[in-house]
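First residue of the sequence shown? That's 11 in the working numbering, and the numbers climb one at a time after it.
Note that CB positions come from ideal geometry on N, CA and C, so glycine has one too.
Since the structure comes first, as structure tokens, the remarks are kept for the end.
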Amino acid sequence: MRVRFWGTRGSIATPGSGTNRFGGNTSCVEAVTDAGVRFVFDCGTGARLLGADLAAHAPKPLNLNILLSHTHWDHIQGFPFFAPVFMPGSRVAVYAPQGSGRSLPLVLAGQMETTYFPVELDQLSADITYHELREGTHTIAGVEVTAQYLNHPAMTLGYRLEADGVAVVYMCDHEPFSTTLWRTDSEPGRVGSILHAGDRRHAEFMAGADFVIHDAQYTPEEYPLKKNWGHSTYEYVVELATAAGVKSVAMMHHDPTHDDEFIDRIQDLARSLAKARGTSMQVACAYEGWEVSLARGESGGARVAAHGSVHLDGGNRILIVDDDPDLRALARVALVKAGFTVAEASGGEEALEIAGEDPPAMIVLDVLMPGLDGIEVLRRLRELPATRNVPVLMLTALDSEESIRIGFDLGCADYVTKPFSMPQLTARVRACLARADEAG
Ligand SMILES: [Zn+2]
Ligand SMILES: [Zn+2]
């Protein structure tokens, strides 16, 4: 398999003398199998260069599979400038996560409305198909593609391609589920010692991969001010990839404020950290134009069961349990807007009563409450047959290692630290529901 970087910048295109080496175009990475099956991870502004190259040099008719991580601007802005979509006879299949609230063609048409762009989506000449994906293993153009939800304030998928005996993983945009990475009651540095189930799943997803392309927008010093923006630090990437036995890591989604010199320093620091961890893993910051050839390895493989058909956008009843009426009101507005129906409880006793009478599809449960706290409520929910399997997402004000550890040991589905944004909450609720659907 061959991988080429056409756009490595995060958030917004950043041309200029300070970004010449690592590049100013937003996310776009091409992967081509030995048999010539072509995938495009994201369609940021880098897609314009890729499109021009394909129009000039690739055999026709073109046949492409675009895997969008999500539909934030920096991942789709190159689509209206991507030459193959204007070429009659070209076949372009676009894949993106389900559950953005609108259908994929509608989302892509939005940025091409006449107010913003002279050509509308339905005027494009190529044969374009749209596919909304859920977490799970899919076969696309004969290639095994596994998708898994990332942690970002939008429904976002990471992708793992398995072909030619190698595994390539693409994970932009993503931020740590927990600021505390390791459990204190086990040895750090191993996947099994990762505290938050989300981070553990993330490491398992990249396990044994030959090449992992990962969001590394921030330094650990910058991260506290950018928490909840949905991006990682190089430190998180190196720690997880080392634990997961990854062979080579390419860090991208570079911050627009980071010039080439700054990214050089990030690369040095990341390499020093990898060295300190005693791994032979290769670490680099990705640059525009970088091409990598991957030969057959032992990729390990990560399969995630494909999901059923539960509706992520509507019909499900969510119970919000929090003693803070303001938080309940904000969460209710966000979840109702996303199509859910919502029940509320201001304390543990009331929550157990409501859940016992009519079990909801999911419970969002605050940890710190007067009277019965969230951990005790979770314990009792797990004992009742009617609520034993209802997924529970815990909300915590303190990122306490102990509380997170106990919550996961009791079988909660997810853990979110306050303060969080409502798009984040909605994305995490949808991911929990999709996983519960798979387990059921
Ligand atoms: Zn982005
Ligand atoms: Zn994003």
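In the same chain as ASP334, and ignoring 5 residues on each side of it, the C-beta atoms closer than 8 Å to its own belong to ASP376, in chain order. Distance check between ARG14 and each of GLY28, GLU214, PRO25 and ALA57 places ALA57 closest, using alpha-carbon atoms only. Ordered by chain, the residues meeting the criterion of a beta-carbon within less than 5 Å of a non-hydrogen atom of ligand 2 are HIS82 and ASP183. Not one heavy atom of ligand 1 lies closer than 7 Å to the C-beta of SER431. Annotated as distal: THR43 and ASP195, with beta-carbon spacing of 8 Å or more.
For ALA423, the closest C-alpha among the options THR147, VAL400 and GLN434 is that of VAL400. Each of ILE223, VAL346, ALA157 and PHE89 was checked against the Cα of PHE127, and the nearest Cα belongs to PHE89. Contact annotation: GLY168 and HIS184 have beta-carbon atoms nearer than 8 Å. Burial check for PRO107: the Cβ neighbour count within 10 Å reaches 16 or more, so the residue is buried.
The straight-line gap separating the alpha-carbon atoms of SER100 and PHE32 is approximately 31 Å.
Short note on SER110: C-beta not closer than 7 Å to any heavy atom of ligand 1.
By the Cβ criterion, the segment 138 to 158 is not in contact with the segment 197 to 206, since fewer than three pairs of Cβ atoms, one from each stretch, lie closer than 8 Å. ALA164 is a Cβ neighbour of HIS82, given a cutoff of 8 Å. Placement of the Cβ of GLY33 at a distance of 7 Å or more from every heavy atom of ligand 1 is found. By the Cβ-count criterion, GLU249 is buried, with 16 or more other Cβ atoms from all chains shown falling within 10 Å of its own Cβ.
For ASP63, the uninterrupted alpha helix (DSSP H) run begins and ends at 57 to 67, by DSSP. Sequence-distant partners of PHE418 (beyond 5 residues in either direction) whose C-beta falls short of 6 Å from its own C-beta, in its chain, are ALA207. Sixteen is the threshold: since fewer than 16 other Cβ atoms of the shown chains lie within 10 Å of the Cβ of VAL343, the residue is exposed.
Of all alpha-carbon atoms in VAL346, PRO380 and ALA341, the one lying nearest the alpha-carbon of GLU360 is that of PRO380. From the listed residues GLN292, GLU145, GLU130 and LEU362, the smallest Cα separation to LEU391 is found for LEU362. Contact check for GLY28 and ASP269: beta-carbon distance about 4 Å, within the 8 Å limit, so the pair qualifies.
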